[in-house]
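In the numbering used here, the protein residues as written are 207 to 648. Data block below; observations after.
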Amino acid sequence: MTYQNPPMPPRKSATFDDHTLAEIRRAAATGIYDIRGGGTKRKLPHLDDLLFLGASMSRYPLEGYREACGTGITLGTRFAKKPIALKIPITIAGMSFGSLSANAKEALGRGATLAGTSTTTGDGGMTDEERGHSDILVYQYLPSRYGMNPRDLRRADAIEVVVGQGAKPGGGGMLLGQKISDRVAAMRDLPKGIDQRSACRHPDWTGPDDLEIKIGELREITDWEKPIYVKVGGARPYYDTALAAKAGADVVVLDGMQGGTAATQDVFIEHVGQPTLACIRPAVQALQDLGLHRSVQLVISGGIRSGADVAKAIALGADAVSIGTAALVAIGDNDPAYEEEYRELGSTAGAYDDWHEGRDPAGITTQDPELAARLDPVRAGRKLANYLKVMTLEAQTIARACGHNHLHNLEPEDLVALTLEAAAMARVPLAGTDWYPGKAGF
């Protein structure tokens with residue numbers, strides 16, 4: 207009997223996979239590049255690639271139910287007359303009214319207030335709902351200047367000068383016309399129903415020397431009371447952090463490419479910037495080289511999801527973290543309960559492709575009055591506060607296990623890396639060794 211090999215199944219290309227082929231066909235048919243919300247979907251080195259070394263013999267762990275572990279942080283201690291004191295080192299990132307509904311902005315403020323932390327405005331100005339329900343509100347000063355006015359600068363508790371964002375460093379964001387309601391249009395002083403693009407750079411300065419002048423102007427407007435943050439995307443973290451600090455920033459916010467966005471080109475989200483993990487140590491090094499580490503606080507954002515992520519960022523030298531995507535999920539976005547409606551949009555719960563289109567079934571990334579009414583800001587605020595509480599408890603649990611009575615006592619020596627890439631980026635030893643790529647003396 208002659209044996210015949212079964213026919214081999216056809217092989218698909220790793221380079222030209224199904225998604226790539228579909229995108230080529232879409233681009234060929236429309237002549238338009240893809241725009242979407244959310245963050246990068248490609249797999250990148252992440253904080254998950256680090257592990258903590260719990261205490262045993264060489265270090266003494268703390269008893270979780272008997273010994274306290276502090277979590278508080280004060281931001282803006284360098285120059286501001288009124289630095290802001292937070293109960294936890296987890297803040298809410300800037301997300302605009304326009305990209306989010308008024309109820310969503312209110313929910314974020316309520317949740318942050320219950321947890322004892324700050325929330326941030328975003329492109330398009332400050333809403334009364336947000337200010338009224340946020341004990342500590344950071345006002346973003348963006349290149350677009352949409353909604354910017356001296357009154358709101360003074361109403362804020364801190365000011366964040368946005369130079370770049372992790373999802374699109376070097377590029378401006380977008381807000382599609384279907385989300386430009388009468389109220390959004392009035393706040394931005396732009397036409398209703400017309401796509402809006404935010405500028406990629408500030409109109410009145412071109413570099414760090416001009417930024418120093420701008421920071422001085424903002425301090426004069428606010429009588430030197432408000433801490434001044436500078437937010438940069440994760441592109442050249444060493445130099446960008448150093449220049450921001452030299453320009454007079456009280457706080458540097460560094461956003462890696464795992465951070466999200468309301469809407470921008472997919473090619474930006476997937477191919478511009480650096481992973482958050484790769485950005486932390488160079489930024490810390492810049493502040494250390496200037497003798498400003500801990501004097502200028504460093505806030506890390508981009509893909510932070512859990513208390514473990516918080517603890518790892520702090521162990522690598524950050525003072526606090528900021529969350530955006532995770533906060534939206536906590537208040538109810540991309541809930542599988544709306545799966546049928548997400549499918550009608552050509553999406554699915556967890557894909558985040560629908561955020562820029564203004565038809566969010568959860569009532570969060572929309573300006574549709576009927577959809578926005580689905581979100582109860584009181585209940586959503588409580589859910590966010592619960593999530594922030596869990597994150598904080600997780601971070602405390604890790605710190606105690608490593609023998610520390612405050613989150614900010616965590617240090618790089620508490621960490622090892624699982625991969626060569628993570629070891630090189632975090633500058634901590636590869637697990638089972640005392641070596642990482644680039645370590646002096648090797």
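The C-beta atom is built at its ideal place from N, Cα and C for all residues, glycine as well.
| Asked | Found |
| --- | --- |
| Of the listed residues PRO289, GLY328, GLY317, nearest to SER302 (C-alpha basis) | GLY328 |
| Classification of TYR345 by the beta-carbon crowding that lies within 10 angstroms, buried from 16 upward | buried |
| Closest Cα partner of ASP415 within the set ALA448, ASP429, VAL390, GLN402 | ALA448 |
| Which of helix, strand or coil DSSP assigns to ARG403 | strand |
| Endpoints, beta strand (DSSP E) assigned at GLN346 | 343-347 |
| CB contact flag (ALA261, ALA607, <8 Å) | yes |
| Contact the segment 262-271 vs the segment 494-501: 3+ CB pairs below 8 Å | no |
| Cβ contact (3+ pairs, closer than 8 Å) linking the segment 569-580 and the segment 305-316 | yes |
| Buried/exposed call for ALA517, threshold 16 Cβ in 10 Å | buried |
| Straight-line gap, GLY462 to THR236 (C-alpha atoms, nearest Å) | 31 Å |
| Assigned exposure category for VAL505 - 16 Cβ within 10 Å defines buried | buried |
| Contact between the segment 277-293 and the segment 431-438 (3+ Cβ pairs under 8 Å) | yes |
| Reference VAL458; option with closest CA among GLU546, ARG565, ASP525 | ASP525 |
| Candidates ALA543, GLU545, SER512, TYR544: closest to GLY530 by CA position | SER512 |
| Backbone secondary structure at LYS293 - three-state DSSP | coil |
| Touching by the beta-carbon criterion (3+ pairs, under 8 Å), the segment 466-473 and the segment 231-245 | yes |
| Member of SER305, THR625, ALA441, THR412 whose CA lies at the smallest distance from the CA of GLY383 | SER305 |
| Cβ contact (3+ pairs, closer than 8 Å) linking the segment 633-643 and the segment 618-625 | yes |
| Beta-bridge partners of THR470, as assigned by DSSP | ARG242 |
| 4 or more residues per run - each alpha helix (DSSP H) lying fully within the segment 429-464 | 443-452 |
| Sheet register partners of MET380 (DSSP bridge) | ARG403 |
| Member of ASP401, ILE537, ILE365 whose CA lies at the smallest distance from the CA of ASP456 | ILE365 |
| Unbroken alpha helix (DSSP H) run spanning GLU619, endpoints | Segment: none, GLU619 is in no alpha helix (DSSP H) and carries neither H nor E. |
| Enclosing alpha helix (DSSP H) for LEU320 [first to last residue] | 308-321 |
| C-beta contact flag for LEU522 and ARG549 at 8 Å | no |
| Nearest-angstrom Cα separation, counted from ALA373 out to PHE474 | 7 Å |
| Nearest candidate by alpha-carbon position, reference GLU545, set GLU576, ASP566, TYR209 | ASP566 |
| Exposed unless 16 or more other CB atoms sit within 10 angstroms - verdict on LYS398 | exposed |
| Close Cβ partners of ALA629 (< 7 Å) along its chain, the five nearest in sequence each way excluded | ALA623, PRO635, LEU636, TYR642, PRO643 |
| For LEU314 and ILE296, believed in contact at Cβ under 8 Å, the rounded distance | Not really, about 13 Å apart at Cβ, beyond 8 Å. |
| Proximity below 8 Å, CB of LEU493 to CB of ALA451 | yes |
| Straight-line Cα distance separating LEU227 from ALA233 | 10 Å |
| Cβ pair GLN480, GLY440 closer than 8 Å | yes |
| Coarse secondary structure for THR482, derived from DSSP in three states | helix |
| Neighbour-count burial assignment, GLU336, 16 or more Cβ in a 10 Å radius | buried |
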